[in-house]
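Accompanying notes for the structure given below.
Chains as they are written, first to last, in our numbering: chain A, 1 to 433; chain B, 1001 to 1366.
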């Protein structure tokens, strides 16, 4: 039974209500003013209290998508990033595990009305027929495009297998804008924004709560930004561990996975640009730290980063464990403030967001901004008030997308020329040639 | 009272404790039969649940600071702010590095080819300095450009040679001898025209084997990120992602070359190195005092614990090749070759590297 399944949440709520009912039912039996009876009262109240809290926690976990599955909460019992010797890296770096996820959340605000129900939760088990590893084989992509897809685009659930790191990351999502399916863009390569969750967090929350696909679709329809592909990934590659996008010595090479394996896989599976001019990264909370870090450490892959309510030092706590091999120097290398003070500034643009009231990371964010020097460029978006929550980040998203739009090479549709024939503007010159 | 004020926690805690005590104490009063006592029990339990949940929520929210105020919680906050460009403070200690070209050429000389009268019939050899924008390292080296480089428009494959004796003309791994060998093999049609970059085996005071020394010399960053960018900007070089870059190492640069191929296979498709077990970098270890980082620097450990990388490795000359020869599985390939005698000892090795780079990506991966 899935941690976020409606059945499990329903059973938990029933258990909580039942325990309360039992307490009411048994109430008269423990009405004597004796020690044993008072202890029994306390026990009854305690049980119903614990069950109620558990039900609320499970419900909140589903609502905020902290943990998407039991294995991400408790671990799968084995360390994933250590394949046995001789394991051959998969030739299919991206596996589409779900294509029929319902209309894009937030898409109902679009000028074009779409029918159908709103997807309430990630259909973790809605895998299409086996063998649909290749995007071209996903039903509905090549033929029979529905009205929803044409108006707001499509969200696919994907598994990414890292060719170089051996890391596999499940239940991630990619959003293809409606233009991706239009004939004018049939040969256009789209820019990509890699969107990273916080920790702990399920990537579906980027689709549902932050509504990146819906917001992007609306802004493209309004002409505020140009279409882009959004790859929405879990920032942690070894849940329940918080890997902080670090190449952990003798552990998961999380930075290489997100900065090299993922772009390589996406570039092979989708019609997207290769190279820094067409790639940016955005994240919130832990994802914000990772967005800034991935861009700063890999400026030839990412040209811009948005760090929403991020932090800029290399943290170490109970959820991270020993990420730095016990080396102070290596921890420093993962500290973005230290990097700016001791290493050349990388040629990337970073937008940091925070709030004057409600975000205790504000001073550290401003200090980081203050350390940025050419050729790196820093920008800030500071709200007057807003806590560490989706409501705040939703307010920062439209401006962040406009800021990214100004820095990413656009997908060029085929436009009729004066001579009458079609002519394709090639996308930006790709660094990878 | 503010959502995040400490007073709220205290008030809620007192109310919860009081309510719990009251329920326990007046329990018998609600024990009677009939609808009203039952409703009263439900109400008492519900109130207790609510107040305890509220207390937990407020404590958790204060710890993690999810919601900063009641209006934040209710979602009443609206509107964004302004995006402001950060001002670079010229007064700060770290001045920006002056913008330098990634590659500066100091001299350029022709490579003669036996049987040809033109002085540069074999191409040109430049002495250069490469400036790593990310690593901050600036290292001297050589770049060999094949004959006809300036006439063609195609982007050429690149071989990066890592040598201890790049300046001493007598050494087979010296820049001039490597350039001569490459010119001869290209002229004879054995080797596709390529760019040969010859770099020193040590790029900084504590660099051992082109690793990123924690908190110090970022040699891996230089080779994996700066070098492809610099050579790709300054020369018509193929992009590394096209599987058109390879490494060549001598006895001092062998660990460097093999290590880079195994950890940056997205850039380097092949490496030719002297035989060896490669259990650690040459010279004193520079691993930031970390046992785990030292373990990773053992290439045999990498071979056992990371996926097989899509690279071709050639061991040049006779000698031990374990554990590489027996453990490698596709897409990794390991071979071994003898070395020719005479002045062009590395001619065959260059031919092999050229062959590894000529294959389309699909063939290398099969």
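The beta carbon of each residue, even a glycine, is placed where N, CA and C say it ideally should be.
As the structure is a prediction and not an experimental result, all values here were calculated from the model.
Check: Pairwise C-alpha distance: residue 352 of chain A and residue 1400 of chain B; Outcome: Absent from the structure is residue 1400 of chain B, since the part of chain B shown begins at 1001 and ends at 1366.
Check: Identity of the residues DSSP links to residue 1315 of chain B by a beta bridge; Outcome: B:1273, B:1336
Check: Start-end ranges of the beta strand (DSSP E) lying completely within the stretch 1115-1164 of chain B, minimum 3 residues; Outcome: 1124-1131, 1138-1145, 1158-1163
Check: Residue burial classification, residue 1091 of chain B (beta-carbon count within 10 angstroms, cutoff 16); Outcome: Confidence in residue 1091 of chain B is poor, its pLDDT being 47 and thus under 50, which makes the residue's placement unreliable; the coordinate value appears in the next sentence. It counts as exposed.
Check: Chain E contact residues for residue 1084 of chain B, given Cβ-Cβ distances below 8 Å; Outcome: Of the protein chains in the structure, A and B, none is chain E.
Check: Beta-carbon neighbours of residue 288 of chain A, restricted to chain B and to distances below 8 Å; Outcome: Chain B residues near residue 288 of chain A: none, gap ~15 Å exceeds 8 Å.
Check: Backbone secondary structure at residue 407 of chain A - three-state DSSP; Outcome: coil
Check: Chain-order list of residues whose beta-carbon lies under 8 Å from that of residue 348 of chain A (same chain, five-residue window excluded); Outcome: 295, 296, 299, 302, 303, 304, 305, 376, 377
Check: From B:1115, B:1100, B:1237, B:1108, residue whose alpha carbon lies closest to that of residue 1176 of chain B; Outcome: B:1108
Check: Nearest-angstrom Cβ-Cβ length linking residue 1211 of chain B and residue 1219 of chain B, presumed shorter than 8 Å; Outcome: 6 Å
Check: The stretch 1297-1311 of chain B touching the stretch 1131-1145 of chain B, judged by at least three CB pairs closer than 8 Å; Outcome: no
Check: Residue 191 of chain A vs residue 409 of chain A beta-carbon contact at 8 Å; Outcome: yes
Check: Residues that DSSP places opposite residue 350 of chain A in a beta bridge; Outcome: A:305, A:378
Check: Contact under 8 Å by Cβ, residue 170 of chain A with residue 286 of chain A; Outcome: no
Check: Residue 322 of chain A (DSSP reduced to helix, strand or coil); Outcome: coil
Check: Limits of the unbroken alpha helix (DSSP H) element including residue 213 of chain A; Outcome: 212-221
Check: Residues bridged to residue 233 of chain A (per DSSP); Outcome: A:196
Check: Endpoints, the beta strand (DSSP E) within which residue 171 of chain A is located; Outcome: 168-176
Check: Sub-8 Å separation of residue 1250 of chain B and residue 387 of chain A beta-carbons; Outcome: no
Check: Short CB-CB distance (under 8 Å) between residue 1278 of chain B and chain A; Outcome: no
Check: Contact between the stretch 1241-1261 of chain B and the stretch 211-224 of chain A (3+ Cβ pairs under 8 Å); Outcome: no
Check: Supposed contact pair residue 385 of chain A and residue 357 of chain A - C-beta distance, whole angstroms, cut 8 Å; Outcome: 4 Å
Check: Outcome for residue 60 of chain A when other beta-carbon atoms lying within 10 angstroms are tallied against a minimum of 16; Outcome: exposed
Check: Proximity to residue 1356 of chain B [Cα-Cα], best of B:1029, B:1215, B:1246; Outcome: B:1246
Check: CB of residue 382 of chain A within 8 Å of CB of residue 355 of chain A, strictly; Outcome: yes
Check: CB of residue 206 of chain A within 8 Å of CB of residue 197 of chain A, strictly; Outcome: yes
Check: CB of residue 517 of chain A within 8 Å of CB of residue 94 of chain A, strictly; Outcome: Outside the modelled stretch of chain A, which goes from 1 to 433, sits residue 517 of chain A, for which no answer is possible.
Check: Straight-line Cα distance separating residue 313 of chain A from residue 1358 of chain B; Outcome: 44 Å
Check: Assigned exposure category for residue 1068 of chain B - 16 Cβ within 10 Å defines buried; Outcome: buried
Check: Rounded straight-line distance, which links the Cα of residue 1197 of chain B to that of residue 1122 of chain B; Outcome: 16 Å
Check: Residue 1092 of chain B at chain A interface by Cβ criterion, 8 Å; Outcome: Only weak support is given to the placement of residue 1092 of chain B: the predicted model assigns it a pLDDT of 48, under 50, and the value that follows is read from those uncertain coordinates. So, interface residue.
Check: Under 7 Å from the C-beta of residue 46 of chain A: neighbouring residues of chain B; Outcome: By Cβ distance, chain B contributes nothing, its closest Cβ being about 10 Å from residue 46 of chain A, past 7 Å.
Check: Per-residue DSSP class, three states only, for residue 140 of chain A; Outcome: Note that residue 140 of chain A scores 38 on pLDDT, short of 50, meaning its location in the model is unreliable and no value can be drawn from it.
Check: Proximity to residue 1338 of chain B [Cα-Cα], best of B:1319, B:1030, B:1313, B:1325; Outcome: B:1319
Check: Interface flag, residue 1344 of chain B vs chain A, CB-CB below 8 Å; Outcome: no
Check: Ranges of the alpha helix (DSSP H) found wholly within the stretch 1280-1331 of chain B, counting only runs of at least 4; Outcome: 1291-1296, 1299-1305, 1324-1327
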